[in-house]
Amino acid sequence: MISVRDVHVTFGRGTPLENRALRGLDLSVADGEFITVIGSNGAGKSTLLNVLSGDARAERGTVEVDGIDVTRWPTPKRASLIARVFQDPMAGTCERLTIEENMALAQARGRARGLGAALDKPRRALFRDKLAMLGLGLENRLGDSMGLLSGGQRQAVSLLMSTLAGTKTLLLDEHTAALDPRTAAFVLDLTRRIVDEQKLTALMVTHSMRDALDHGSRTVMLHEGKVVFDIAGERRKAMDVPDLLRLFKQVRGEELSDDSLLLS
Amino acid sequence: MSLIATLGAIEIGLVFALVALGVYITFRVLDFPDLTVDGTLPLGAAVAAAMIAGGVNPVFATLAAIVAGCLAGSVTAWLNIRFAILHLLAGILTMTALFSINLRVMGVPNIPLMNRPTVIDFFAWLNPLIAMTGLPGRPTLRVLALLIIVLVIGALLARFLKTEFGLAMRATGANPRMARAQGIRTDMHVYVGVALSNGLVALAGALFAQTAGFADVSIGTGTIIAGLAAVILGETIFRTKSIVVAIFSCLIGAIAYRLAIALALNAGWLGLRASDLNLVTAVLVGIALMLPGVANPLRSLFKRSAP
Ligand SMILES: Nc1ncnc2c1ncn2[C@@H]1O[C@H](COP(=O)(O)OP(=O)(O)O)[C@@H](O)[C@H]1O
Ligand SMILES: [Mg+2]
Numbered sequence: 006m007i008s009v010r011d012v013h014v015t016f017g018r019g020t021p022l023e024n025r026a027l028r029g030l031d032l033s034v035a036d037g038e039f040i041t042v043i044g045s046n047g048a049g050k051s052t053l054l055n056v057l058s059g060d061a062r063a064e065r066g067t068v069e070v071d072g073i074d075v076t077r078w079p080t081p082k083r084a085s086l087i088a089r090v091f092q093d094p095m096a097g098t099c100e101r102l103t104i105e106e107n108m109a110l111a112q113a114r115g116r117a118r119g120l121g122a123a124l125d126k127p128r129r130a131l132f133r134d135k136l137a138m139l140g141l142g143l144e145n146r147l148g149d150s151m152g153l154l155s156g157g158q159r160q161a162v163s164l165l166m167s168t169l170a171g172t173k174t175l176l177l178d179e180h181t182a183a184l185d186p187r188t189a190a191f192v193l194d195l196t197r198r199i200v201d202e203q204k205l206t207a208l209m210v211t212h213s214m215r216d217a218l219d220h221g222s223r224t225v226m227l228h229e230g231k232v233v234f235d236i237a238g239e240r241r242k243a244m245d246v247p248d249l250l251r252l253f254k255q256v257r258g259e260e261l262s263d264d265s266l267l268l269s
Numbered sequence: 191m192s193l194i195a196t197l198g199a200i201e202i203g204l205v206f207a208l209v210a211l212g213v214y215i216t217f218r219v220l221d222f223p224d225l226t227v228d229g230t231l232p233l234g235a236a237v238a239a240a241m242i243a244g245g246v247n248p249v250f251a252t253l254a255a256i257v258a259g260c261l262a263g264s265v266t267a268w269l270n271i272r273f274a275i276l277h278l279l280a281g282i283l284t285m286t287a288l289f290s291i292n293l294r295v296m297g298v299p300n301i302p303l304m305n306r307p308t309v310i311d312f313f314a315w316l317n318p319l320i321a322m323t324g325l326p327g328r329p330t331l332r333v334l335a336l337l338i339i340v341l342v343i344g345a346l347l348a349r350f351l352k353t354e355f356g357l358a359m360r361a362t363g364a365n366p367r368m369a370r371a372q373g374i375r376t377d378m379h380v381y382v383g384v385a386l387s388n389g390l391v392a393l394a395g396a397l398f399a400q401t402a403g404f405a406d407v408s409i410g411t412g413t414i415i416a417g418l419a420a421v422i423l424g425e426t427i428f429r430t431k432s433i434v435v436a437i438f439s440c441l442i443g444a445i446a447y448r449l450a451i452a453l454a455l456n457a458g459w460l461g462l463r464a465s466d467l468n469l470v471t472a473v474l475v476g477i478a479l480m481l482p483g484v485a486n487p488l489r490s491l492f493k494r495s496a497p
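So the protein lines, in turn, are chains A and B. Reading the first sequence from the start, the letters are residues 6 to 269 in my numbering. Reading the second sequence from the start, the letters are residues 191 to 497 in my numbering.
In structure tokens:
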């Protein structure tokens, strides 16, 4: 469960480059809900995920995850509640470390890391099983360095890593944007499988209207740091990409004085 | 080169193997180019020598030197983390302060330790073995004692880097944003890593004082470059990235480097003097960095200055 209330984030406050990335954003996500997030460049999508993960700080408003107020928590502390896959395949893993070392890092998310061995037989067996589910042959390459993998393989492993510690909230920031169409489709499919199987609460940012409608159960659009529409249920089912684009244009084209106009 | 000179080169190489391990932790594991060590090596020597000269048990004196080195490293990490001072500058600040502190610790610029008890005495049980080989007693004992210490510490470090805590430290250096997203407190790992690195270098200083028989405020100059030279040389000899091999290659690199220096200084036709050591080191490291294909540690010095 996620609850973001009246959150404001400003970059470079008091400088000529002052940028109000989030301007009183509200969003509630129920347990097990899979929300897709759209919006033009600079709308604040990544900042929203950063404010959830702790990479950006809310200067006003509150952020709750699983009923806990985490507004003041630093990123590492929030990792016990939240897992994340980045847009850049390089960002979510350590290329200098091996596949199994990356997985061991993720498996220990949210627990104390002591002086026990990071890798042992049972863990390697578990990682091998998990990797086998990807069907990419990575189960035989546990000791290969992460840097040897392709972007798609790395995103697939990143997704797998996000599930190892049993956290229930998953943040995905255009995690297929850097991939070719076929690989992107594979990673999206894997995302859906993982979210379903583990009953995760997920927020997925995407630049593809098609993907936004095809995945999850609810779609929100951000514009200038706020949620400008939020569709679900029958209304969303009836929508196709052109409808969504029309909504998108309406919001961007004219300065809306009242968001409810859109939703009525 | 004479046997005594060779043993002497190996001895100093073993001392610098510990420096190389320290440099490996900061430059390679943490990606935190730390220049504090030019001050930490003489700090370790100063603390150990002052305490031994004052009648303290050499083991305690050596442990105190390690603690002092860890503290110095923590100051550098603190300057960098708490005040966002560039790591290079933070290290230079601490190093500069240490030059004064070291003089305070010693009281005089040079403390001789001739005929004082040292940690080497605890290895006297090796003497009968050495006697059987016919090698010169005292120098051989020093080499063997240092070898044992260095191997034990190298093994402990390799083990440490394979623990959950050590792996988290490696992730901190390799990809700090990812590390934080995985729940790793990267600041804490930088503190521990830089402290550990400087603790190792201070230990090298303490052992230097006890094997060379003196501590001097000036012994620190060029420590960082000598440590880097050992790391680079080791990496050039062994080209794999596994932790155990990397640590072993630091040790071999340090010894090979000292032997090469000794040979160069020994070759009369080159016309080099002992005081040319830093010049020779700088030229060698410079050449190593120019070579293609050699992992370039100076790259990491500049990498982080970009936003
Ligand atoms: N770290 C930052 N420093 C300064 N400005 C930033 C930073 N991150 C994002 N911004 C700005 O905040 C706005 C929202 O950015 P972002 O959330 O990344 O948008 P989106 O992901 O929707 O494209 C943009 O104008 C961007 O330039
Ligand atoms: Mg973005």
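Positions of the beta carbon are idealized from the N, C-alpha and C atoms, including for glycine.
DSSP three-state assignment for residue i, whether helix, strand or coil
{"i": "A:S150", "result": "strand"}
{"i": "B:V309", "result": "helix"}
{"i": "A:E69", "result": "strand"}
{"i": "A:S8", "result": "strand"}
{"i": "B:F428", "result": "coil"}
{"i": "B:T376", "result": "helix"}
{"i": "A:G59", "result": "coil"}
{"i": "B:G389", "result": "helix"}
{"i": "A:E260", "result": "Note that A:E260 has pLDDT 49, beneath the 50 cutoff, so the model's placement of it is unreliable and the number below is only indicative. The answer is coil: DSSP assigns A:E260 none of H, G, I, E or B."}
{"i": "A:P30", "result": "The residue asked about is misnamed: residue 30 of chain A is Leu in this sequence, not Pro. Strand, per DSSP."}
{"i": "A:I40", "result": "strand"}
{"i": "B:R448", "result": "helix"}
{"i": "A:F91", "result": "coil"}
{"i": "B:D406", "result": "strand"}
{"i": "A:N24", "result": "strand"}
{"i": "A:D245", "result": "coil"}
{"i": "A:T103", "result": "strand"}
{"i": "A:D134", "result": "helix"}
{"i": "B:A464", "result": "helix"}
{"i": "A:A122", "result": "strand"}
Residues near residue i in its chain [Cβ-Cβ closer than 6 angstroms; skip 5 each side]
{"i": "B:L351", "result": "I433"}
{"i": "A:R62", "result": "none"}
{"i": "A:M226", "result": "I43, G44, V233, F234"}
{"i": "B:N468", "result": "G412"}
{"i": "B:R306", "result": "I242"}
Any non-hydrogen atom of ligand 1 closer than 6 angstroms to residue i Cβ
{"i": "A:F16", "result": "yes"}
{"i": "A:A48", "result": "yes"}
{"i": "A:G29", "result": "no"}
{"i": "A:A26", "result": "yes"}
{"i": "A:G44", "result": "yes"}
heavy atom of ligand 2 below 6 angstroms from residue i C-beta
{"i": "A:S51", "result": "yes"}
Cut-off 8 angstroms between Cβ atoms - residues of its own chain near residue i, not counting five sequence neighbours on either side
{"i": "B:N300", "result": "F404, A405, D406, V407"}
{"i": "A:L22", "result": "F16"}
{"i": "A:R101", "result": "S150, M151, G152"}
{"i": "B:G198", "result": "P329, A452"}
{"i": "A:I73", "result": "L86"}
{"i": "B:A419", "result": "G443, Y447, T471, L474, V475, A478"}
Residues near residue i by beta carbon distance below 7 angstroms, same chain, minus five either side
{"i": "B:A416", "result": "F206, V209, T471"}
{"i": "A:G230", "result": "R25, A26, L27, R28, L30, G49"}
{"i": "A:S222", "result": "E38, F39, A237"}
{"i": "A:E179", "result": "Q92, V210, T211, H212"}
{"i": "B:S490", "result": "Low confidence applies here, because B:S490 scores a pLDDT of 43, under 50, leaving its location unreliable; read the following figure in that light. Excluding positions up to five away in sequence, the list reads F217, D221, P223."}
{"i": "A:A137", "result": "E144"}
{"i": "B:I445", "result": "I200, G203, L204, A207"}
Any non-hydrogen atom of ligand 4 within 6 angstroms of residue i CB
{"i": "B:T376", "result": "Only ligand 1 and ligand 2 can be found as ligands here, which leaves ligand 4 out of the picture."}
Problem set entry | In chain order, each beta strand (DSSP E) run of at least 3 residues that lies wholly inside the segment 176-230 of chain A | 206-210, 223-228
Exercise. When Cβ atoms are compared, which residues of the segment 357-384 of chain B fall closer than 7 angstroms to chain A?
Worked result: L357, A358, R360, A361, A364, N365, R367, M368, R370, A371, Q372, G373, I374, R375
For this session: Mind listing, in chain order, the continuous alpha helix (DSSP H) runs of no fewer than 4 residues lying wholly within the segment 287-358 of chain B?
Result: Complete alpha helix (DSSP H) runs here, min 4: 317-323, 327-351.
For this session: For the segment 344-357 of chain B, enumerate the residues whose C-beta is nearer than 8 angstroms to any C-beta of chain A, in chain order.
Result: F350, K352, T353, E354, F355, G356, L357
Exercise. Enumerated in chain order, which unbroken segments of the alpha helix (DSSP H) with a length of 4 residues or greater are wholly contained in the segment 204-276 of chain B?
Worked result: 227-243, 248-273
For this session: Return the residues of the segment 227-254 of chain A that lie within a Cβ-Cβ distance of less than 8 angstroms from chain B, sorted by chain order.
Result: none
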